[in-house]
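To start, the structure itself, in structure tokens.
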Amino acid sequence: MLEKIKLQYQAYKILRTKNITLFPKKFLFYLLIKSQYEKLSLHDGKFVISSDLPPFPSGAFDRLIEALHSTREQEVIPIYASFSITNKCVYNCWHCYINSLKEEDMPTEDAIKILYKLQELGTSVIAFTGGEPLLRKDICEIISKIDADKSSVVLFTTGYRLTKEKAEDLKQAGLFGVIIGLEHTNKKMQDKLRNYDDSYERALEGIKNAKNSGLYVGISTVATKERIKTGDIWDFIKFAGKKGADEVLILEPIPVGKIMNKDEVILTNKERKQLVNIQKKVNKKKRYPRVLSYPYRESKQLIGCCGGYQYIHVTASGNICPCSFTPLSFGNVKNEEMSVIWRRMNTVFNTPEADCFMVKNYKYISQHLEDGFINPEKSVELCSSCRNHNVPLFYKKLGVK
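If you number the sequence shown the way the working numbering does, the last residue is 404 and the count never jumps.
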């Protein structure tokens, strides 16, 4: 406990020099209360709250603070950007949607231009997704072009091809951390869920290589009803800690791709609350890695769903979507400026929501889905009729109405 207090005090001394004190007092008090459910740590001499926020002190964190101030003034900036750099993947996971997309990967030069545009918009975290990003031979070159003073960079991977050499190259290129997906601690179950014989060994080898290279290491997993019921999530967290993970990301099944319209996979509010409580309990214990439970982070008591509001997703061929799970295209960067597309999308997604947009509207969206994405005109029309503007508490305290 004493060590935790010392760490928090060190962080406070840094934060008080920023313009954080300019936020409303009720917002700062709210953050203080909620901080008890986070676990602050040090990595490479910087404080880390979680993998989806920039470490501090850093230029990227300063941009995050500036973006939140801009939000209070109704000038919304996409804080978090995910970029599906490729749709290619050797796995065929039970919940994935990527194989249904008919998109060609963009050339290296075009991918780099995307990153420049994201940083021009003010993005402070860039996350590479896929497919499997490590299947791109130019991934290190692409990452190296990101201005590290503006954005923290993370990469989501299955661990496939995350060799010792590749991990070192990624670190050298400027990558902050990797998030390695693992569906189960049991090899047989993991390989079955990935539909690939040695996915288990590849994931564990990737975790080891990433850790040894000095990368921040997160392990992500999808919490199904069965895993919640059996208590497997607790076993998973302990397992991740033994493997040296800095963080465990707990995701819930999102009804898209292979599980679209499968009502039976959707978690109940009671099940989500169990995952919320796991984060609250684990992050008070020193012996476990940090837990980032998305049912907690995206609840109405915290930031909610920020897809299209302060979260932007770029697909492999340049479509701009609210998030990586929402197949609504608001335009393509091949045809329009990213800033124009962002404003179009943000005009519709003009407030954060208290609930996941896709979980709430997947049946409606599935009726209009063709060739992977709904076109911009239809996307605007659909979203205009299915938003409820139930602002989550974080943004209410910030002053968003």
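Think of the CB as a built atom: it goes at the ideal place given N, C-alpha and C, for glycine as much as any other residue. The structure presented is a predicted model; accordingly, all values stated were derived computationally and were not measured.
Identify, in the order they occur along the chain, each residue of the same chain with its Cβ nearer than 8 Å to the Cβ of residue i, setting aside the five sequence neighbours on each side.
i: ILE101; result: SER87, ASN90, CYS92, GLY133, GLY134 and GLY260
i: PRO117; result: Here residue 117 is Ile; the residue named in the question, Pro, does not match the sequence. Cβ neighbours of ILE117 beyond the five flanking positions: PHE86, MET109, VAL317, GLY321, VAL336 and MET341.
i: SER387; result: VAL351
Along the chain, where does the alpha helix (DSSP H) that runs through residue i open and close?
i: VAL336; result: Careful: VAL336 lies outside any alpha helix (DSSP H) and carries neither H nor E.
i: THR350; result: 341–351
i: GLU384; result: 379–388
i: GLU144; result: 142–147
i: TYR409; result: There is simply no residue 409 to check, as the chain begins at 4 and stops at 404 in what is shown.
i: LYS169; result: 167–176
i: ILE368; result: 360–369
i: LEU396; result: 396–401
Excluding the 5 residues flanking residue i on each side, which residues of the same chain have their C-beta closer than 6 Å to its C-beta?
i: SER155; result: PRO57, ALA63, VAL128 and PHE179
i: ASN95; result: ASN198
i: GLY162; result: ILE183, ARG205, ALA206 and GLY209
i: PHE30; result: LYS400 and LEU401
Considering only C-alpha positions, which residue in the set the options is nearest to residue i?
i: GLU255; options: ILE52, ASP358 and GLY125; result: ASP358
i: GLY125; options: LYS169, VAL51, TRP97 and HIS72; result: HIS72
i: VAL285; options: ILE36, ASN189, ILE23 and TYR40; result: TYR40
i: LYS289; options: GLN304, TYR312, ASP249 and LEU34; result: ASP249
i: VAL79; options: ILE315, LEU218 and ALA170; result: ILE315
i: LYS153; options: TYR398, LEU121 and GLU380; result: LEU121
i: GLY480; options: CYS324, VAL383, ARG346 and HIS392; result: Any answer about residue 480 is impossible in this case: the structure gives the chain only from 4 up to 404.
i: LYS381; options: CYS389, GLU106 and LEU331; result: LEU331
i: ALA151; options: ALA176, ASP172, HIS371 and GLY311; result: ALA176
i: LEU185; options: GLU123, TYR297 and PHE159; result: PHE159
i: LYS246; options: CYS308, LYS273 and ASN215; result: ASN215
i: MET192; options: PHE32, THR224 and LYS211; result: THR224
i: ILE240; options: PHE333, PRO355 and HIS187; result: HIS187
i: TRP97; options: ILE236, GLU339, GLN77 and PRO258; result: PRO258
Going by DSSP, what residue range makes up the beta strand (DSSP E) through residue i?
i: LYS182; result: Sequence inspection shows Ile at residue 182; the Lys mentioned does not correspond to that position. Counting along the chain, the beta strand (DSSP E) containing ILE182 begins and ends at 180–184.
i: ALA114; result: Where ALA114 is concerned, there is no enclosing beta strand (DSSP E), although the alpha helix (DSSP H) it sits in stretches over 111–124.
i: LEU305; result: Note, LEU305: premise wrong, no beta strand (DSSP E); not H, not E.
i: SER155; result: 155–160
i: PHE131; result: 128–132
i: GLU250; result: 250–254
Assuming residue i contacts residue j (C-beta within less than 8 Å), just tell me the rounded distance between them.
i: ALA226; j: ALA170; result: So it is not a contact: roughly 27 Å between Cβ atoms.
i: LYS366; j: ASN280; result: Not really, about 29 Å apart at Cβ, beyond 8 Å.
Just to confirm my understanding: we take residue i, look at its own chain, exclude 5 residues before and 5 after, and list those with CB closer than 7 Å. What are they?
i: LYS105; result: ASP374 and GLY375
Query raised in the report: In chain order, which continuous runs of the beta strand (DSSP E) of length 3 or greater are located wholly inside the region 35–109?
Result: 44–46, 49–51 and 83–87
Requested in this report: May I have a chain-ordered list of the alpha helix (DSSP H) segments no shorter than 4 residues that lie completely inside the region 198–241?
Outcome: 202–216 and 228–233
Query - Ordered list of alpha helix (DSSP H) runs contained in the region 265–299, each at least 4 residues - result: 272–285
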